[in-house]
Amino acid sequence: MPLHFRDQTQMTMAKIKHNNFLDTVNEVITDAAKQGVLHLYAEGEDLTGRTIGVGGNTLYHFGATGYLGLEQDPRLKSAAIAAIQQYGTQFPLSKSYISHPLYNALEEKIGQMYGQPIIITKNSSLGHLGAIPSAVDDRDAVILDHQVHWSVQNACKLLKNRSIPVDMVRHNHLDMLEDKIKYHSRKRNRIWYMADGIYSMYGDSAPLHQLMALSEKYSQLHFYIDDVHGMSWAGRHGTGFVMDQLKELPDNILLFGTLSKTFGASGAVLVCPDKKMHQRIRTFGGPLTFSAQLEPASVAAASASADIHLSPEIYSLRNELKELIQYFNDLLSKTDLPLVDKNISPVFYIGTGMPKTGYNFVNRLMEEGFYVNLGLFPAVPVKNTGVRITISRHNQREEIAALVEAMAHHYPKALEETGTDPGRVRHAFAMAVPKTGAKVVPGDLDIRLENSITKVGKEMWNNLMGAHGAMDWDGLLFLENCFQGNNLKEHNWEFRYLIIRDGKGKPILATFMTAGLWKDDMLAKESISKTLEQTRKYDPYHLTSRALSLGSLFTEGNHLYLDRKHPLKDRALNILMWTLETLGHKMGAKMTVLRDFGPDEELGKFFKDQGFVRIQMPNSCAVDLTGRMDVETYFSQLSVRNRRHFRKEILAFEPEFQVDILASCHREQLQQLIALYGNVHRNNLGLNTFSFPQRVFEAMSDNPHWEFILLTLKSSPQTPIGAMFCYKNQNKTYVPAFVGLEYTYVTSHYTYRQLLYQTIKRAIAQGFIHIDFGLTASFEKRKLGAVVSERYAFVQASDNYVIELLGTM
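Numbering of the sequence shown is given in the working numbering, commencing with residue 881 and proceeding in unit increments.
Structural data, given as structure tokens:
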């Protein structure tokens, strides 16, 4: 990618807008709401737990998280009603001053359940906000599982204000976790790993025994675990999945349980075996200190539920639920439905892959009389959309059997109607793909997938793609020669060329793709990349993934030709998606990136429906030279302000420079230019990529399609201080692809602006009609007459880790 800069004082890439993550969440949730699967209102004058009213229909309820059904237990209801009648609707006073009369009994009962010091909180979100900043010291570090509940991640943002490092690792990725522990162990006191006991979407669990073994290896390791979805249906006295697995909590664990969901009341509980830390959090825990306490009704209901949990009855209730869970598992095992994680929890997840397939499937089930939850970004990666089904004691066996029958009937219909197949879904979830899986049937389309541009007709390719950047036929041949057979793995790319024609040979779609090693933070905040680059000094492949991309890291511009008016356009796009998925699986890609699209709503919706997240990239810049005969005419059309800038900061300095146009360089010269390029690359983290091999620059010097604009000072003509590496596209497009600078002169002589000016002069002198200035530095380029356009990438990752890295860390 062209690495330019946006101001005269510091070499830095123009930044992407880092509200991307929230923008994407808003887009996805809004789409789902329009499809009638989110932001619904329950209807009816009463609720039983077995059914729920939605849209004028009564549906069997398979979306509740009250797995034992205690929220409908008469004892909890009676206790809540009596508390309101006796004490009122609330006790409006902080617990720091005085607690409600019912609180003492509740705390004693919950403490008896766990056998450990506990703290009752208003809810788990406020509990995390109070506990985490109190528990984590300024000398500590935090590592988050990327699927840990949002409320934990949100609370950890407060730590960054205290310069406490907060890192993230892929879900249940213990090797990655251990690497982070090793990194922080040299500088930090305690290292906190924060995870869920039972994860709310797939129903899978944290690998607790492996984590305990890791803590024996690293004494600094501590754990903060949110187990609200493991509560009541597991563990002694219903204390949860974590307690069930570990039996006793060691001092290096803080555990969050819930008094809502399966517990049937309201509130949350923090279990803290470390008595000193318990006292610290209890004494002053932010929201725990200043927030209003639980309402009397909630305290009374929780106390009534605690009585049940402390009695043998809890085990009979759990056995009833366990039998229903096993029954559901048995029925599912007789179908082809892709159950993502078979386990003993009451949470089940049927993968649908693309969001639009999830919308279709949920709506079909609702029409059949079943309410289920849609699992959607950001709770899961976009391409891992699916249906979350929860089993509770309210559900009856005949309703469970009917649900499985309805899912088995409608699932293939939802896939077919949304243009996907079981193989694509299973690929998305890294599940075994049936050998009889459906394949794309081309019909009357001619589909060619080649591994070299030499197998593609030069004239045809240039007619379709040749006007953009360095991606004409000769430019791609140059790339193939440079990025194969290198020593370092990041310098070796696989190339694929896809051309789809109709039965008459007319092109509908054309593109090229590359697969190679990318840095996961390529589009992240510069501050994030700066931190990661410190780690890469001793671990050069830290947080890197194999990526499959339209285009390449060397090219910019429109990487996709599409005949929008062709009646088979949609089929061609679906074949492109299938091709990307198939190639990504074969090549081991963890991420797929569709690059450099404008604000195209039609294509944007299509890509999002296919499971891609939209990320805003730096703006692209281009100059149209059509009909302009000389430099004076061109610059006379600038605005008054920009002409003043041009005279003062560019023309005034031009006499001090010697400008040379080099078709090739001798060895010493080339090394000087490579050094200038290296200056830019090392200091430019706005688009953080691996550097290019020296072979690329040597090939430029030997290739007739490349030339160098070289700047030296007349007072020191042997020492280059700036260079532009330019590609001469065969379709009359001039491409200043890369820049090199000696920083000493950037401020004093405006060397970058001088290079832009000399580039425009050179393009006009050679009769080019277009300059592709590429991404970034739009402020600088706009001053010299460039047209600036918004650009977007669409990213699909094997998990949400990369998306979190780009948007929220």
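Even for Gly, the Cβ is constructed at its ideal location relative to N, Cα and C.
Asked, Found
"Go ahead and label residue 1423 buried or exposed: buried means 16 or more other beta carbons lie within 10 angstroms of its beta carbon, across all protein chains shown.", "buried"
"In angstroms with no decimal places, state the Cα-to-Cα distance between residue 1467 and residue 1395.", "7 Å"
"Determine the closest residue to residue 1258 out of 1081, 1248, 1019, 968, with distance taken between C-alpha atoms.", "1081"
"Looking only at C-alpha atoms, which of 1391, 1041, 1176, 1277 sits nearest to residue 1380?", "1391"
"Taking three-plus beta-carbon pairs below 8 Å as touching, is the segment 1258-1270 in contact with the segment 1063-1082?", "yes"
"Should residue 1119 and residue 1137 be called a contact, given that it needs their Cβ atoms to be closer than 8 Å?", "yes"
"Which of the three DSSP states is assigned to residue 1107 in this structure?", "coil"
"Identify which residue in 1443, 1100, 928, 1435 has its Cα closest to the Cα of residue 1572.", "1435"
"State the start and end residues of the unbroken alpha helix (DSSP H) segment that holds residue 1345.", "1338-1345"
"Tell me whether residue 1564 is buried or exposed, calling it buried when 16 or more other Cβ atoms sit within 10 Å of its Cβ.", "buried"
"Near residue 1669, what residues of its chain come up, given a Cβ to Cβ distance below 7 Å and the 5 sequence neighbours on each side ignored?", "1478, 1499, 1500"
"I'd like to know if the segment 1447-1460 and the segment 1640-1651 are in contact, where contact means that at least 3 CB-CB pairs between them fall below 8 Å.", "no"
"Nearest by alpha-carbon distance to residue 915: which of 1242, 1615, 946 is it?", "1242"
"Residue 1122 by DSSP, collapsed to three states: which one?", "helix"
"Starting from residue 1353 and walking both ways along the beta strand (DSSP E), at which residues does that stretch end?", "Per DSSP, residue 1353 belongs to no beta strand (DSSP E); it is in the alpha helix (DSSP H), 1353-1362."
"Which runs of the beta strand (DSSP E) at least 3 residues long sit entirely within the segment 1491-1553? Give them in chain order.", "1493-1504, 1537-1542"
"For residue 1599, count neighbouring Cβ atoms within 10 angstroms of its own Cβ and tell me buried if that reaches 16, exposed if not.", "exposed"
"If you follow the beta strand (DSSP E) that residue 1650 is in, where does it begin and where does it stop?", "1650-1655"
"Given a cut-off of 8 Å, decide if residue 1227 and residue 1270 are closer than it, judged by their beta-carbon atoms.", "yes"
"Pick out whichever of 1516, 1597, 1506 has its Cα sitting closest to the Cα of residue 1549.", "1597"
"Rounded to whole angstroms, what's the CA-CA distance from residue 1427 to residue 1308? Just pull it up for me.", "15 Å"
"By the 10 Å Cβ neighbour count, where 16 or more other Cβ atoms means buried, how is residue 1629 classified, buried or exposed?", "buried"
"Just checking my contact of residue 1287 with residue 1217 at CB under 8 Å: how many whole Å lie between their CB atoms?", "6 Å"
"Taking contact to mean at least 3 C-beta pairs separated by less than 8 Å, is the segment 985-999 in contact with the segment 1033-1052?", "no"
"Taking buried to mean at least 16 other C-beta atoms within 10 Å of its own C-beta, is residue 1489 buried or exposed?", "buried"
"In the DSSP assignment, what residue or residues form a beta bridge with residue 1586?", "1607"
"Considering only residues of the segment 1371-1425, which uninterrupted alpha helix (DSSP H) runs meet the minimum length of 4 residues and lie entirely inside it, listed in chain order?", "1406-1416"
"Rounded to the nearest angstrom, what separates residue 1652 and residue 1615 at their Cα positions?", "5 Å"
"Is residue 1469 near the ligand PLP, in the sense that its beta carbon is under 7 Å from a heavy atom of that ligand?", "Absence of the ligand PLP from the depicted structure is noted, as is the absence of any ligand whatsoever, leaving it without description."
"Applying the 10 Å Cβ sphere with the 16-neighbour rule, what's the burial state of residue 836?", "Here the chain has residues from 881 to 1689 only, and residue 836 is not among them."
"Which two residues bound the contiguous beta strand (DSSP E) that contains residue 1674?", "1667-1677"
"Since residue 1431 contacts residue 1476 with CB under 8 Å, what's their CB separation in whole angstroms?", "7 Å"
"Find the nearest neighbour of residue 1691 within the set 1665, 1014, 1049, judged by alpha-carbon distance.", "Nothing in the structure corresponds to residue 1691, since the chain is present only between 881 and 1689."
"Could you give the DSSP three-state label for residue 959: helix, strand or coil?", "helix"
"Using the three-state DSSP reduction, which class does residue 935 fall into: helix, strand or coil?", "coil"
"Return the CA-CA distance between residue 1540 and residue 1028, expressed in angstroms with no decimal places.", "57 Å"
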